Amino acid sequence: MATFVGSPCWARLRSIGEITLAHPPMLRQPSPLRLRSIAVPLPQRCFAVAASAASDGPVRVRFAPSPTGNLHVGGARTALFNYLFARSKGGKFVLRIEDTDLERSTKESEEAVLQDLSWLGLDWDEGPGIGGDYGPYRQSERNSLYKEHAQRLLESGHVYRCFCSNEELEKMKEIAKLKQLPPVYTGRWATATEEEVQEELAKGTPFTYRFRVPKEGSLKISDLIRGEVSWNLDTLGDFVIMRSNGQPVYNFCVTVDDATMAISHVIRAEEHLPNTLRQALIYKALGFPMPYFAHVSLILAPDRSKLSKRHGATSVGQFKEMGYLPQAMVNYLALLGWGDGTENEFFTLEQLVEKFTIERVNKSGAIFDSTKLRWMNGQHLRAIPSEALTGLIGQHWKSTCTLKESDGPFVEEAVQLLKDGIDLIPDSDKALTNLLAYPLHATLTSSEGKVVVEDKLPEVSASLIAAYDSGELIGALEEGHAGWQKWVKGFGKSLKRKGKTLFMPLRVLLTGKLHGPDMGDSVLLLYKAGKYDVVAPEAGFVTLDERFNMLKQINWESFNQDQTLLESTATLSN
62 MATFVGSPCW ARLRSIGEIT LAHPPMLRQP SPLRLRSIAV PLPQRCFAVA
112 ASAASDGPVR VRFAPSPTGN LHVGGARTAL FNYLFARSKG GKFVLRIEDT
162 DLERSTKESE EAVLQDLSWL GLDWDEGPGI GGDYGPYRQS ERNSLYKEHA
212 QRLLESGHVY RCFCSNEELE KMKEIAKLKQ LPPVYTGRWA TATEEEVQEE
262 LAKGTPFTYR FRVPKEGSLK ISDLIRGEVS WNLDTLGDFV IMRSNGQPVY
312 NFCVTVDDAT MAISHVIRAE EHLPNTLRQA LIYKALGFPM PYFAHVSLIL
362 APDRSKLSKR HGATSVGQFK EMGYLPQAMV NYLALLGWGD GTENEFFTLE
412 QLVEKFTIER VNKSGAIFDS TKLRWMNGQH LRAIPSEALT GLIGQHWKST
462 CTLKESDGPF VEEAVQLLKD GIDLIPDSDK ALTNLLAYPL HATLTSSEGK
512 VVVEDKLPEV SASLIAAYDS GELIGALEEG HAGWQKWVKG FGKSLKRKGK
562 TLFMPLRVLL TGKLHGPDMG DSVLLLYKAG KYDVVAPEAG FVTLDERFNM
612 LKQINWESFN QDQTLLESTA TLSN
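Residue 62 is where the sequence shown starts when you use the numbering used here, and the numbers rise one by one after that.
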């Protein structure tokens, strides 16, 4: 709903009071619009003019990116909210490419935006690659339509030709600045005679089309998210809708496009809120029914500034390359300014469609928390069915030359063992190489490792080497988990150890680490990795044979002396 108050503007022929446009079916071309109230320009003053959205027809929303760069997460969220609103209302989600910035728009950027939207699962009903009844869907292909409507406005008197030079316009701005007034147009061409206009045309003087803005009054809209928003018309001034080179200006294109594409709801970022004033005036002048407006808050960085490249990754493509899942991105973006009123934070796209309402979109800025996004991605990753998750991670391990194969028993068991420590697919590389590595010396010389060494670790090492050389340990590993558990129990009894005093030295000697996944599963995997030769040479895998050879070469007496020497040196240096 938009209302013009106290302006010498358009009035209903049979009434001077408030006028409301009807809710006609939205049509592709404006000429056959059926209005119950006919609006014409009159020289009299009217109290209010209201335009209502064409809500009697089906819900139609649009996402209209400019192909001048990558799809920002803010744009992706706007697209998502439009998609969810359309799907929840049984309406249409339209994709329109706003490529009138010919210098910056590229085909590569357009393709990247389309790919990112498809990756997120936001399939459009009309637009590039699909077509539809309201095309073309690129602004660069709609110039004839803009010129047609600009001519209509010129003929109706809502627009006039302005022959002011750039120098004259700059001078107006300087004068307004000195007088501390808004930089509104005050040129003479708003009141020029037909003779003066024809004289300039005859000379070939370049001109723009300027929209004639009422000099007093105000515009008030009821935004579906922000509530009532109003502007005074005297702060605007007559604005350009067509440049001197014949190219239409953004606000004019958008209005004509939204109207002729029968868009019922305009859901966009709050930075477009100031544009609504110009667009509402154009809607009214052309006799188009007004759509509903909903302006979504900006996405902010942790410091509450506008999210930008200096804060790290900001585009959908970057997050895709980093290994984020589309379902996690969609889930997280939906929660930036929306919630279903419960404590639930995990939604599939289908569940979001079912739950989404525009009324629950918050008008305050939403903080982009990359740590939470990463955590949420991990939750979604682990919710993937086991077979599919194994396929994803297995393919990644093979592609990064960590493993020689992407499937099989080893891959399945490794994924199940390591998945709880994986939030992003690329994390799986570090998780697996950590398992395969054997940083024994670093562990033994650490402050935490010293405690384990002092608990008679050389004695445990000697017994473990004997069990390995005799084939006892290998035989147990051949039997799987049951064999391992039986062996560990017997080994503990022979050393009169149990619990932490048994498992900590075993973990250090077998894995080279103080902490990690389940020790039994880890040792079994290490054994299978060596047995089946599935690890690529680049992974830095230390086999069980190599580990035991290293243990046999440790001179524990010398090791303890070295430790004492290191401690003495540290004490002296302090």
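Cβ coordinates follow ideal geometry from the N, Cα and C atoms, glycine included.
The structure presented is a predicted model; accordingly, all values stated were derived computationally and were not measured.
(request) Please determine, among Ala528, Ser127, Gly601, the residue with the shortest C-alpha to C-alpha distance to Asn495. (result) Gly601
(request) Specify whether the region 545-558 and the region 443-460 touch according to this definition: at least 3 beta carbon pairs, one from each stretch, less than 8 Å apart. (result) no
(request) Report yes if the CB atom of Trp399 is closer than 8 Å to the CB atom of Arg421, and no otherwise. (result) yes
(message) Could you compute how far the alpha carbon of Ser170 sits from the alpha carbon of Lys574?
(response) 47 Å
(request) Please look up how many angstroms separate the CB atoms of Ile328 and Thr139, rounded, as I've assumed it's under 8 Å. (result) 7 Å
(message) Are the CB atoms of Asp284 and Ala356 within a distance shorter than 8 Å?
(response) Note on residue identity: the sequence assigns His, not Ala, to residue 356. Contact: yes.
(message) Looking at the strands, I want to know which residues DSSP matches up with Pro309.
(response) Met303
(request) Give me the Cα-Cα distance between Met383 and Thr572, rounded to the nearest whole angstrom. (result) 29 Å
(message) Give me, in chain order, the residues of the same chain whose beta-carbon lies closer than 6 Å to that of Thr296; leave out the 5 immediate sequence neighbours on both sides.
(response) Pro243
(request) Determine the contact status of Tyr270 and Ala251, defining contact as a CB-CB distance below 8 Å. (result) no
(message) Less than 8 Å between the beta carbons of Val310 and Ile302, yes or no?
(response) yes
(request) Name the residue from Asp582, Gln212, Phe142 whose alpha carbon lies nearest to the alpha carbon of Ile313. (result) Position check: residue 313 holds Phe in this sequence, whereas Ile was assumed. Nearest option by C-alpha distance: Gln212.
(message) What would DSSP say about Gly188, mapped onto helix, strand or coil?
(response) strand
(message) I need the straight-line Cα distance from Gln581 to Leu386, nearest angstrom please.
(response) Checking the displayed sequence, the identity of residue 581 turns out to be Gly instead of Gln. Distance between the alpha carbons of Gly581 and Leu386 is about 31 Å.
(request) With DSSP as the reference, please indicate the residues paired to Asn293 in a beta bridge. (result) Ser279
(message) Cutting at 7 Å between CB atoms, please list the residues of its own chain near Leu183, excluding the five before and the five after it.
(response) Ala140, Leu141, Tyr144
(request) Kindly indicate which three-state DSSP category Ser376 falls into: helix, strand or coil? (result) strand
(request) Round the Cβ separation of Val569 and Val513 to the nearest angstrom and send it over; I've been treating them as touching at under 8 Å. (result) 5 Å
(message) Applying the 10 Å Cβ sphere with the 16-neighbour rule, what's the burial state of Glu618?
(response) exposed
(request) Look at the Cβ atom of His210, then the Cβ atom of Val317, and state whether they are nearer than 8 Å. (result) yes
(request) Could you tell me whether the Cβ atoms of Glu166 and Thr129 are closer together than 8 Å? (result) As written in the sequence, residue 166 is Ser, which differs from the Glu given in the question. Yes.
(request) Tell me where the beta strand (DSSP E) around Lys705 begins and ends. (result) Only positions 62 to 635 of the chain appear in this structure, which leaves residue 705 out of reach.
(request) Using three-state DSSP, classify Gly439 as helix, strand or coil. (result) helix
(request) Please specify which runs of the beta strand (DSSP E), each continuous and at least 3 residues long, are wholly inside the region 548-614, giving them in chain order. (result) none
(request) With Ala330 as the anchor, note down where its beta strand (DSSP E) starts and where it stops. (result) 326-330
(request) Note down, in chain order, each residue of its chain lying with its Cβ closer than 8 Å to the Cβ of Leu556, except the 5 sequence neighbours on either side. (result) Glu520, Val521, Ser524, Leu563
(request) Would you please state the rounded distance, in angstroms, between the beta carbons of Gln388 and His441? I believe it to be under 8 Å. (result) 5 Å
(message) Check for me: the beta strand (DSSP E) holding Thr269 runs from which residue to which?
(response) 269-272
(request) Starting from Phe124, follow its DSSP beta bridges and name the residues at the other end. (result) Leu156
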